[in-house]
Every structure is written in structure tokens, then in C-alpha cells.
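Residue numbers (my numbering), protein chains in the order written: chain P, 74 to 491; chain F, 3 to 473. Input: a single structure, listed below in C-alpha cells.
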């Protein structure tokens with residue numbers, strides 16, 4: 074009885090695994106067939122694309138976008154995004170379209186993208202166009218004319234679990250922004266799926282819409298979901314609109330942000346080397362913030378953006394009880410903040426208890442001091458830590474050759490043994 | 003008396019084989035479902051997570067090397083072709099007796115520097131450090147011999163970035179591999195380690211980090227190993243990944259959070275299976291201290307590595323691997339069926355002990371019992387043959403599913419002819435190869451090997467001009 078039961082179970086297991094195998098094999102076959110169908114449709118669509126978006130040789134410039142930015146600047150702060158009306162787009166393409174079968178083409182395209190294979194083929198042609206010409210206003214309008222949010226929602230191109238994410242991805246790629254899409258993207262920022270949230274960010278940044286970005290940032294600030302710092306930096310860095318205007322808007326939100334997002338914004342301003350006076354003033358305030366990470370980020374900012382008002386704050390922070398702040402301040406001191414007081418303070422820090430503080434101080438010290446006698450005084454002084462780090466930095470900066478450095482280190486070792 | 007013992011042994015083996023089959027059924031089925039889902043995700047969402055490559059987390063790639071003068075240049079050159087914006091390559095020469103150090107200095111124009119190392123984890127004395135100042139910085143660390151774990155610790159001490167990848171000196175990464183293993187760190191802050199998928203490169207031609215040609219291996223030993231690798235990397239690792247229970251990230255390719263490695267004291271010097279040891283230590287540390295963590299396996303992050311082409315080398319390799327597994331499991335036996343360690347203590351660890359580690363002993367003991375039973379007249383030959391055939395059929399189906407999964411996910415990595423040949427060898431491996439491997443692994447129980455670097459005969463990776471005319 075037991076033996077028979079075991080046989081039956083074994084056979085059952087084998088049967089289940091066989092079913093799994095059959096599933097994979099049939100899926101591979103189906104995929105191959107679908108691939109052929111998509112290839113054929115792509116071939117057809119390429120010619121339709123060529124009629125609507127003829128190859129104009131040079132990569133297409135985007136005058137509309139520049140115009141859009143100008144319009145934004147004129148209308149700021151009561152800005153509302155101007156979208157082309159469907160009728161305008163239609164009229165534009167009707168004029169461009171060389172064939173007489175314009176209506177048929179559009180009807181056919183709309184019908185095709187309703188299917189899984191048709192959408193894939195359209196996506197392939199669109200990607201090819203973007204690869205060759207970059208994102209153009211024309212391509213965006215064309216995609217918007219053929220595909221809309223509802224069409225994508227109905228398409229079963231991918232299983233339900235990933236549909237929302239994929240739809241957002243396509244909306245971002247096609248640059249389709251209707252109020253409905255924007256609402257959908259903002260709502261998705263609080264979705265539990267990381268991929269959905271990531272693609273919602275993609276849609277929002279591609280709109281080039283500053284108030285929408287600001288609203289999204291406020292949503293993220295309140296959200297309990299995880300957003301990686303690098304992803305958010307990327308979200309800001311690759312904004313499709315005018316980055317200066319975005320920064321103007323973001324600095325207004327700065328004080329209402331959590332510490333992590335404030336650090337992130339400072340990093341973004343640093344990456345952009347944005348020295349707008351309003352931002353500079355805010356960064357000066359941050360140098361005295363209670364949060365260590367904010368102070369460090371602001372100090373890094375002044376490492377790239379020189380402002381003489383930062384000098385005293387850096388000097389003050391060289392005496393901070395947190396070694397991380399001392400180390401960062403010592404590091405940026407050499408970026409134009411040299412002064413007799415700064416050099417004196419750095420010289421003291423060559424003997425600091427923390428290795429990073431000593432090393433950063435030594436780099437700045439060696440960089441600022443031209444008087445060799447003063448450096449030699451450190452090298453021959455009574456503080457072993459100061460001597461060692463100065464030797465190392467001089468070697469690293471090419472002010473001491475390898476042989477002399479090793480000789481001095483050996484002497485140092487003998488001295489410590491004695 | 004003897005008859006009673008043999009009878010109960012027969013019952014034990016009968017039950018054990020049945021449980022073994024059930025476990026592999028579960029892992030294979032789980033892996034299939036997971037990989038199917040993974041494949042859909044990869045197919046429809048295989049775009050880069052960040053728009054700007056500069057925003058990826060910088061990575062230090064550690065390459066521990068011992069007598070690797072033949073392959074080290076190829077390895078470093080392949081690493082220079084990675085599609086990743088910010089990374090450094092740190093080669094740790096663990097007291098090689100050949101010209102490993104000199105070939106690197108000559109080829110990449112390295113200059114001696116006096117770079118200080120912060121000794122966050124223990125390692126033998128660093129003799130000197132060489133570097134270049136190119137966009138991708140190459141650092142060569144010459145140190146006193148101390149074994150692979152010690153070399154990796156030296157790398158951890160000297161590397162600059164928050165994530166470090168370690169790869170074997172005879173391995174080559176596919177150009178997008180680092181990006182793929184870095185993404186789980188962006189997806190989840192709790193990620194502390196990510197392992198890649200190891201594939202056999204003996205008959206594959208790789209140029210600039212991409213497979214340009216797949217040839218059919220002529221040596222059966224390679225084909226058998228290919229099937230084994232597929233079974234491990236596309237079945238059990240994927241299944242264990244679903245419960246955050248992978249106890250091993252192959253030493254050939256893995257990416258780690260440096261802070262997490264330092265938290266557990268780095269690699270344990272002197273152990274043989276340093277790759278498994280550090281992961282088991284991480285599980286133990288994070289679970290014990292109730293710190294959320296994730297150890298992830300990325301099946302699409304490919305690392306190509308050379309497999310032994312001689313039985314003697316294979317024997318040594320398997321014995322080493324099994325010894326390493328024994329050391330890691332032995333030093334963490336407190337996790338065995340311990341619910342405080344969650345799924346690792348209750349599922350993954352027992353799985354490794356009962357269905358990986360002691361299996362060779364049971365396999366050999368099983369054969370002895372069968373022979374004894376036969377002579378004692380206790381063996382129902384008809385039942386035995388039937389049971390064996392069903393069991394072998396089952397094992398073959400498990401192998402075939404791994405092959406199918408490979409074709410499903412990586413259609414370009416094999417040809418229909420190679421797949422057909424692998425199907426044949428999936429059938430043949432039950433007749434000799436598996437038993438041979440069990441015997442090799444059994445050697446691990448006899449005595450521990452003192453050599454901390456595996457002796458592997460190195461050959462240069464194949465290039466187009468090496469290709470045989472007929473293939």
C-alpha cells in the first residue's frame with residue numbers, strides 16, 4: 074500500500090513537472106510566433122511612421138519645448154501647462170502627411186495599438202525613431218494622437234501584476250500628459266510597488282511641468298514608501314523642463330522638507346552647480362543647521378560654489394564636535410577659503426584624533442601653505458600623527474618622491490621604537 | 003540482527019529518497035514560477051532603473067589572484083569593458099609565485115603609491131600598492147600569502163567605494179552584470195549582498211563583455227558540469243531566494259555592501275569556502291540582531307567562468323567546495339532548526355545540512371546497503387529497479403526543466419544542437435557522473451585540505467582565432 078502510494082506520488086510529481094515543461098515549451102513557441110507577427114507589423118508600421126514623421130536628416134530640434142519654457146517663465150507663478158488641442162495636432166499631421174489615405178492610416182494605427190502585438194510593433198518603431206532623432210515634439214504629438222491612456226489601460230500586453238508599471242513606462246516614453254495621466258502618476262507615487270513608483274517618477278519628470286514636479290516632491294515628502302536617494306537625485310537631474318526654474322520652485326519648498334529630502338535637494342543643487350542667490354542664502358543657513366547631514370551637504374555645496382560669506386562658517390565648523398563636520402570643512406577649506414586663521418586652524422587639526430580630519434586638513438594645509446619652512450616645522454615637530462599625515466599627503470601630491478617618503482617613514486618607525 | 007538493521011536502513015533510504023525528491027520538486031516548481039515571473043518583468047521592464055548612469059552607486063571590483071599570470075590580463079581587460087559609470091578594479095595579489103604582479107604593472111602602466119589602508123577587517127601585511135590614474139582606476143595590492151579570504155579582506159580594506167564586487171581571476175563578467183547586481187541596492191536599502199549567475203565559459207567566445215559565439219563542448223565533463231550549474235543557479239538558488247534563504251553567493255561573482263561585510267568581520271581567514279562562510283555569517287548576524295536585511299540573487303547577472311576539464315581537477319574542486327560547506331555549516335550549527343533565525347534557521351539551513359551536505363555519505367551508504375540487502379536476500383529486485391528508474395526519471399526531469407529555463411531566459415546563450423546534447427547528457431549523468439561527484443565530495447569528510455587556494459589549471463579564455471574550424 075505504502076509502496077503504491079509512493080509510486081503514485083512520484084508519478085504525480087513527474088506529471089506536474091512535465092506540465093511545467095510543457096508550459097515553458099508552449100510559451101517559447103507562442104513567443105516565437107508572436108515575435109514573427111510583431112516583426113511583420115513593425116515592417117508595416119515603419120512605412121506609416123515614415124509618412125507621418127519623415128526623416129529630415131539632422132536630428133530634430135525642439136523649438137516647441139524652448140517656446141514652452143519661455144511661456145512658462147512669462148506666466149510664472151500662476152502657470153498652467155499649455156497643451157496642444159487634438160484638433161491642432163491633427164491639422165499639423167494632415168498637412169505633413171504626403172499620402173491621401175491619412176484618415177485610413179490613423180484609423181488603422183489606432184486599431185493596431187489596441188492589440189498586444191500592435192502595441193509592441195508601435196513601440197519598436199517609436200523607439201527606433203527616438204534613437205535616430207531624439208525625443209521630438211512631433212513624435213510626442215504623433216504618439217499622443219494614436220495612443221491614449223485608456224487604450225493602454227485596456228491593452229493586456231503584460232500580466233496584471235506589472236501592467237500599471239508598464240503603462241506608466243509607456244506613458245513616460247510617449248510623453249503623453251493629460252490631466253488624467255498626471256493624476257494617475259501622482260496617485261502611483263503611493264503605490265506599494267517600487268516599479269510603479271519608479272515609473273510614476275519617470276512620467277512626472279518627462280512632463281517638464283514644474284508645478285507637477287513640486288507637487289510630486291511634496292507627495293514624496295509625506296509618503297511612507299521607500300524612495301532611494303539615487304533614484305530621487307536622478308528624478309531631479311533628468312527633469313525634461315527648465316532645471317533653473319525647477320530649482321527656484323524647489324528652494325521654496327526646502328524648509329518644509331524632511332532632513333533626508335533637504336540633504337537630497339542640497340546634493341541636487343551641488344550637482345547642478347546652481348549659485349542662484351536665493352539658494353546661496355539658504356545654503357548659508359544650512360551651514361548652521363542642527364542636522365549633521367544637512368551641514369555636511371551644505372559644506373560640500375560651498376566646496377563647489379565659492380562664496381566668501383561661507384569662510385567664517387567653515388572656520389567655525391572646523392571646531393565642531395562632530396568629526397564628520399570637521400572632516401568635510403577641512404576638505405573644502407582649500408577651495409578658495411584660504412586665510413591666515415584658516416591655515417592656523419588646519420595646522421592644529423593635523424593632530425586631530427580622527428584620521429579623516431587629519432588627512433583632509435593636511436591636503437588643504439599643503440595646498441594653501443607656500444612657506445616651506447612652515448611645512449618643515451610640522452615634519453620636524455613633536456606630533457607624530459601630524460608628521461605622518463603631512464608626509465603622506467606631500468607624497469600623494471607629488472611634493473615628495475617615493476624614496477624620500479619611505480626613508481622618512483622608516484625614520485619615523487625608528488623614532489617611535491626609540 | 004544484521005537483517006533487522008539492513009531492513010530498517012532500507013526503509014530509511016526509501017523515505018530519504020522520497021523526501022529528497024519532494025524537496026527538489028518543491029525547489030524546481032518554486033524556481034520555475036519565480037523565473038517565469040522574473041522573465042516577464044525583465045521582458046517588459048528591462049529598462050535601466052536610472053536615466054542617468056552617473057547616478058548608480060560606485061562599485062569596487064575585487065579580484066583576488068594567486069598565480070594567475072595566464073588569465074589576469076584578460077580578466078582585467080574584460081572588466082574595463084563593463085557598462086558602468088563609476089567603478090575601480092582592485093587586484094589583490096596574494097603572494098603569487100609567478101609573474102601575476104609584473105604582468106599587470108607592465109600591461110597597465112601601474113605606479114607604486116603609498117596608499118594607506120584602514121584595517122577594518124583583519125588581513126596579512128600589505129607589501130605595496132600600485133595604481134594607475136586612468137578613468138577606471140586599477141589598483142594592484144601585493145600582500146603576503148594568506149589565502150583567498152585574507153586577500154579579499156585586504157581588498158575590503160583598500161577599496162574606496164561603498165559596494166564591492168568580488169570576482170574570480172579566471173572569470174569574465176557580461177558587460178551589464180554590475181549594473182544588474184547594483185539595482186537591488188537601489189530597490190531596497192536593506193539589501194546587503196547580491197549574487198550573480200555563474201555560467202561555464204570553456205567553449206564560449208566572449209568579446210567586450212558579450213557572448214559572440216557558443217560552441218558545443220567536446221568533453222563530456224564540461225557538459226555534465228553545465229547541467230549541474232544550470233540546476234544550481236536556475237533552480238535551488240532561485241527557490242531559496244524567494245525566502246531570503248540563500249546561504250551562498252558564489253565566490254566567482256557577488257556584490258556586497260562594504261559596511262555589512264565589515265559588520266560581520268569580513269571574510270574568515272583560513273576557511274576554505276569563504277564565499278559561503280561570509281553569507282552564513284551575515285544571515286546569523288542580521289537575524290540575531292533583528293536588523294532587516296536582504297540577500298538577493300540576480301539570475302540575469304552573468305559571470306562566465308572556466309570549469310575543470312580534467313577529472314583530477316574536478317575531484318579537487320568538489321572536495322574543496324564540500325569542505326568549505328562543512329566548515330560554514332559546522333561553525334553555525336546553532337541555526338539548525340532554530341526558529342529564532344526565521345526561514346534561514348528552519349528551512350534553508352536544514353536544507354543545506356540534510357540535502358546537500360550529508361547526501362554523499364548517504365548515497366555511498368545506500369549503495370553499500372543495497373549490496374548487503376541483495377546478499378541477505380532482503381532486496382526486492384523488481385521493486386528496487388522500478389523505484390530506481392522512477393527516481394532517475396524524476397532527477398532527469400528536474401535537469402531538463404533547468405535546461406528549459408535556461409533556453410527560456412537566455413535564448414541566445416545556447417544553440418538547439420547544444421540543448422539537444424545537454425538533454426542527452428542530463429540522461430547520462432545518472433550513470434557514473436553523479437556517483438563520481440558523490441565520491442569526490444565524500445573525500446571532504448576524510449580530512450580537511452590545508453591549501454586555501456584551489457589548484458585549477460588555467461588556460462586563456464577562448465578568442466575567435468582559437469575557434470576550431472568545424473564549429
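Yeah, the Cβ is synthetic: ideal placement off N, Cα and C, and Gly gets one too. Every value quoted in this text rests on a predicted model; they were computed, and no experiment measured them.
Asked, Found
"Relative to the C-alpha of residue 1(F), which candidate in 404(F), 438(F) and 414(F) has its C-alpha closest?", "Outside the modelled stretch of chain F, which goes from 3 to 473, sits residue 1(F), for which no answer is possible."
"In whole angstroms, what separates the C-alpha of residue 272(F) from that of residue 355(F)?", "22 Å"
"Contact criterion: CB-CB distance below 8 Å. Does residue 76(P) meet it with respect to chain F?", "yes"
"Indicate whether at least one CB of chain P lies closer than 8 Å to the CB of residue 30(F).", "yes"
"Quick check on the burial criterion: 16 or more other C-beta atoms within 10 angstroms. Buried or exposed for residue 384(F)?", "exposed"
"Contact criterion: CB-CB distance below 8 Å. Does residue 93(P) meet it with respect to chain F?", "yes"
"Need the endpoints of the alpha helix (DSSP H) that residue 303(F) sits in, please.", "Counting along the chain, residue 303(F) falls outside any alpha helix (DSSP H), though it belongs to the beta strand (DSSP E) covering 296-307."
"Taking only beta-carbon atoms, is residue 164(F) less than 8 Å away from chain P?", "no"
"Could you tell me the boundaries of the alpha helix (DSSP H) in which residue 191(P) lies?", "189-206"
"Flag residue 307(P) as yes if its beta-carbon sits less than 8 Å from any beta-carbon of chain A, otherwise no.", "You won't find chain A in this structure, because its protein chains are P and F."
"What separation, rounded to the nearest whole angstrom, lies between the Cα atoms of residue 429(F) and residue 81(P)?", "22 Å"
"For the putative contact between residue 61(F) and residue 257(F), defined by C-beta atoms under 8 Å, what is the C-beta separation to the nearest angstrom?", "7 Å"
"Starting from residue 142(F), trace the beta strand (DSSP E) in both directions and tell me its first and last residue.", "140-145"
"Leaving out five residues on either side along the sequence, give the residues of the same chain with a beta carbon under 7 Å from the beta carbon of residue 203(F).", "174, 306, 307, 308 and 463"
"For residue 324(F), does the count of other Cβ atoms within 10 angstroms reach 16, so buried, or fall short, so exposed?", "buried"
"Who are the neighbours of residue 410(F) on chain P, taking C-beta pairs under 8 Å?", "97, 100 and 101"
"Pick out whichever of 296(F), 262(F), 295(F) and 292(F) has its Cα sitting closest to the Cα of residue 280(F).", "262(F)"
"Between the alpha carbons of residue 141(F) and residue 150(F), how many angstroms are there, rounded?", "17 Å"
"Does residue 336(P) get closer than 8 Å to chain F when you measure Cβ to Cβ?", "no"
"Contact defined as beta carbons within less than 8 Å: I believe residue 100(F) pairs with residue 69(F). What is the distance between those atoms, to the nearest angstrom?", "5 Å"
"Give me, in chain order, the residues of the same chain whose beta-carbon lies closer than 8 Å to that of residue 423(P); leave out the 5 immediate sequence neighbours on both sides.", "431, 434, 435, 438, 451, 456, 458, 459, 462 and 463"
"Any idea if residue 202(P) is buried or exposed, counting beta-carbon neighbours within 10 angstroms, 16 or more meaning buried?", "buried"
"Suppose only complete runs of 4+ residues qualify. What are the alpha helix (DSSP H) ranges in the region 346-385 of chain F, listed by chain order?", "351-354 and 361-378"
"Can you tell me whether residue 81(P) is helix, strand or coil according to DSSP?", "helix"
"Got a sec? Which residues, its chain only, sit under 6 Å from residue 362(F) by beta carbon, not counting five neighbours each side?", "440, 443 and 444"
"Evaluate residue 335(F) with the Cβ neighbour count: other Cβ atoms within 10 Å of its Cβ, from every protein chain shown; 16 or more gives buried, anything less gives exposed.", "exposed"
"Hey, could you find the ends of the beta strand (DSSP E) residue 169(F) is sitting in?", "165-169"
"Helix or strand or just coil, what does DSSP make of residue 448(P)?", "helix"
"Counting C-beta neighbours from all protein chains within 10 Å, is the total for residue 207(P) 16 or more, i.e. buried, or is it exposed?", "exposed"
"Using the beta-carbon count (16 or more within 10 Å), is residue 341(P) buried or exposed?", "buried"
"Going by C-alpha distance, which of 121(P), 188(P), 194(P) and 205(P) is nearest residue 177(P)?", "121(P)"
"Report yes if the C-beta distance between residue 95(F) and residue 116(F) is below 8 Å; otherwise report no.", "no"
"Which residues, in order along the region 110-121 of chain F, keep a beta-carbon less than 7 Å from a beta-carbon of chain P?", "114, 116 and 118"
"Run through chain P and tell me which residues come within less than 8 Å of residue 189(F), C-beta to C-beta.", "267 and 301"
"Measure from the C-beta of residue 199(P) to each C-beta in chain F and report whether the shortest distance is under 8 Å.", "no"
"In whole angstroms, what separates the C-alpha of residue 361(P) from that of residue 335(P)?", "14 Å"
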